[in-house]
Structures are given as C-alpha cells and as structure tokens.
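Enquirer: Heads up: the sequence shown at position 120 corresponds to 332 in this note's numbering, and the numbers run straight through without jumps.
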Amino acid sequence: MASASSTSPNSSSMLQDYEPLDVIGNGSFGIIRKVRRKSDGKIFARKELNFERMTERDRKQIVCEVNILKELNHEHIVRYMDRYVDRDNGVLYILMEFCGGGDLSNILKSARKTNTPLSEDTVWNYFAQILLALHHCHFPNAKPPGSSTSVDGVIGEQPSTNKRRQQILHRDLKPDNVFLGCDNSIKLGDFGLSKQLGQATLANTYVGTPYYMSPELMSDKSYDSKSDIWSLGCLIYELCALNPPFHEAKTHSELAIMIRSGRIPPLPKGYSSVLSNLIKSMLNLNPAMRPSVQLLLQNERITFALKMIETEKM
C-alpha cells in the first residue's frame with residue numbers, strides 16, 4: 213500500500229473526528245459507511261477496505277484509485293477528501309464526499325417499478341453533467357468548449373502549464389457509478405477501474421461491466437477514451453429504455469455477439485430523433501467514428517441543458 217499509505221501525522225483523526233453512521237454499500241473487500249464530522253455535523257462517505265484480504269493486483273488497483281481521485285477536482289466528480297491506513301487492523305479508510313441522492317441505478321429501479329420513463333429533459337440534464345465530468349477526465353488540461361469560468365466545474369485553481377495531468381479513462385461507466393447530490397446534481401464516481409494514460413497511449417486491459425463494454429474491449433483490442441463514449445451511449449440509452457441496449461443476452465458469449473453486431477433496438481416512442489441519433493453515434497462500432505466528449509458538448513441540446521442548469525443555480 214505504499215502510495216496510498218503516505219499519511220499525515222494527524223491522519224488517525226479520520227477515526228477520532230468522525231462519528232460512524234449507517235453502512236450504505238458493500239464490496240468484495242469492505243464497506244462504505246456514512247460518517248458525521250463531529251466538529252460541524254457534515255456528512256461524508258467513508259470506504260473501509262480490508263487490504264490484508266487483497267491480492268497484490270487488488271492493492272495496486274486501490275492505490276491507483278486513490279492517486280487518480282487526488283488528481284480529480286470537479287463539481288461533477290465525487291470528491292476525494294483524505295485517506296488513512298490502519299496497519300494494525302489491515303484497513304484502508306478513504307474519506308469522500310457523500311452523495312445524498314443515491315445513484316442512477318436507484319432512479320432506474322423506481323422508473324421500472326412504476327413503468328414511468330424519464331422525461332427527455334431529465335435525460336439531457338443528466339447527459340450534460342456526465343459529459344462535463346468526463347471532459348475533466350479525457351481533456352484534463354482544457355476547458356469544455358464554450359465554457360466560462362463559472363460553468364467548467366473545476367474546483368479551485370486550474371492546472372499550471374508545468375504540472376499537466378494525464379488523461380484518465382473511467383472504464384466502468386454505468387448507472388451504479390453515477391451518483392446524485394441532494395440538489396439532484398450529477399457526480400461521477402467509483403474510479404476503481406480507471407486508468408491514467410500518457411499522450412497517444414492505448415490501453416488493452418480487460419475491465420468494465422459487460423453490458424456497457426465496448427466492441428473493442430469485447431474483442432480484446434486496444435482502446436482509448438472512445439470506449440468510455442460507448443459506455444456512456446449505453447447508459448443514456450438505458451435512461452430512456454429503462455434497460456441497457458443488449459440486456460436480452462443471457463450469456464457472455466451471446467452478449468459479445470450482440471455488441472459486435474452493432475444492432476441497437478430503437479428508443480421507446482416519445483424521445484426525439486436528435487437524442488436517438490446522438491446515442492447511435494456513440495454506439496458506432498468504429499471507435500474513430502464516435503464523437504469525443506468535446507464534440508458532444510457542442511451539441512445544441514447539450515448546450516441548452518447546461519444553460520438551464522446554470523440558470524437553476526442562480
């Protein structure tokens with residue numbers, strides 16, 4: 213745990229200064245717990261991970277996640293606060309921003325239960341905010357197209373020219389990893405499978421959630437930021453159809469065949485051709501033909517959604 217364990221002298225205050233509350237999530241190596249800061253009553257989320265049960269690969273992945281989270285500082289990305297390694301008990305604590313609105317998988321479950329589709333305005337609203345978060349990952353040293361200082365979402369200072377961040381691929385975009393704040397703002401989270409890439413680098417590690425996996429990943433080919441675009445296309449499709457585009461697949465091999473075929477079922481009636489065509493462009497079998505985050509942010513409907521979001525903040 214070398215990189216993640218370089219803690220400050222007062223790091224144990226993460227345990228002393230926070231009151232443990234409900235467990236809000238479970239994983240292979242631990243839990244996510246709600247905690248309350250005793251000094252001001254503010255609520256945070258705290259990952260509590262047993263690193264002694266992890267393989268060396270798992271430990272490296274956790275270290276990578278912490279290092280990536282420290283690099284990301286954006287209003288639409290779940291904010292990293294601090295970490296503490298309890299070596300005596302073999303537990304790594306990661307303190308993060310708490311998102312009180314749940315995640316998009318909860319929204320989808322409710323919509324399926326009542327068979328009530330999300331309004332198109334809601335879909336565009338979520339779509340636009342996720343794009344701002346992804347832009348911060350894919351284009352770390354540039355502002356979103358047409359943005360002003362008030363809407364680019366970066367918290368604090370911009371990176372200086374002598375300290376440029378590398379591009380980050382999320383690699384596991386899905387409803388469970390898109391969280392909502394109490395004000396319904398979108399927060400991209402769970403960077404456990406993310407990867408930092410140097411300029412002009414292609415990744416080739418097999419990761420991600422099968423239903424949102426791009427054709428190049430399914431074919432074990434190299435991939436880049438356009439793989440995230442495919443996953444985002446699947447996610448936005450699911451917000452409209454209430455199921456991912458290839459949900460009828462019963463086995464992994466069936467799913468691979470369906471993804472590689474590129475045949476996307478049409479969206480339910482009631483959604484515009486503009487939205488439908490944009491989703492189709494993101495689900496192009498050829499990564500080079502998929503739009504980048506920068507191009508998507510220039511779409512008129514996305515621009516309008518961002519303006520509406522800014523108006524609501526006033």
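Beta carbons: idealized from backbone N, C-alpha and C, even for Gly. Given the structure is predicted, the values throughout are model-derived calculations rather than measurements.
#1: Locate the beta strand (DSSP E) running through residue 297, then write down its first and last residues.
#2: For the alpha helix (DSSP H) that contains residue 333, what are its first and last residues?
#3: Please classify residue 379: does DSSP put it in a helix, a strand, or coil?
#4: Look at the alpha carbon of residue 446 and the alpha carbon of residue 228, and state the distance between them as a whole number of angstroms.
#5: For residue 480, which residues of its own chain have a beta-carbon under 7 Å away from its beta-carbon, when the five flanking residues on both sides are left out?
#6: Using 8 Å for Cβ pairs, my map puts residue 280 next to residue 261. What's the rounded Cβ distance?
#7: Apply the 10 Å Cβ neighbour rule to residue 259 and answer buried if 16 or more other Cβ atoms are within range, or exposed otherwise.
#8: Closer than 7 Å by C-beta to residue 387: which residues in its own chain qualify, once you throw out the five before and the five after it? Chain order, please.
#9: In three-state terms, what does DSSP make of residue 257?
#10: Classify residue 241 as helix, strand or coil using the three-state DSSP reduction.
#11: Short of 7 Å in beta carbon distance, which residues of its chain neighbour residue 242, apart from the five on each side in sequence? Order them along the chain.
#12: Helix, strand or coil for residue 423 per DSSP?
#13: Assess, as a yes-or-no matter, whether the region 477–494 is touched by the region 294–307 under the definition of 3 or more beta carbon pairs within less than 8 Å.
#14: Under 8 Å: do the region 453–462 and the region 511–521 share three or more Cβ pairs, one atom per stretch?
#15: Starting from the C-beta of residue 231, find all residues in its chain whose C-beta is less than 7 Å away, skip the five residues before and the five after it, and write them out in chain order.
#16: Out of 290, 395 and 347, which one is the CA nearest neighbour of residue 524?
#17: Taking the alpha carbon of residue 240 as the point to measure from, which residue in 266, 344 and 312 has its own alpha carbon closest?
#18: As a quick exercise: from 444, 234 and 287, pick the residue whose alpha carbon is nearest that of residue 336.
Expert: To lay it out plainly:
#1: 292–298
#2: 332–350
#3: strand
#4: 42 Å
#5: 329, 452 and 453
#6: Contact flag wrong, Cβ pair sits at about 16 Å.
#7: buried
#8: 315, 316, 317, 320, 447 and 450
#9: strand
#10: coil
#11: 259, 260, 261 and 262
#12: helix
#13: no
#14: no
#15: 247, 248 and 250
#16: 395
#17: 266
#18: 444
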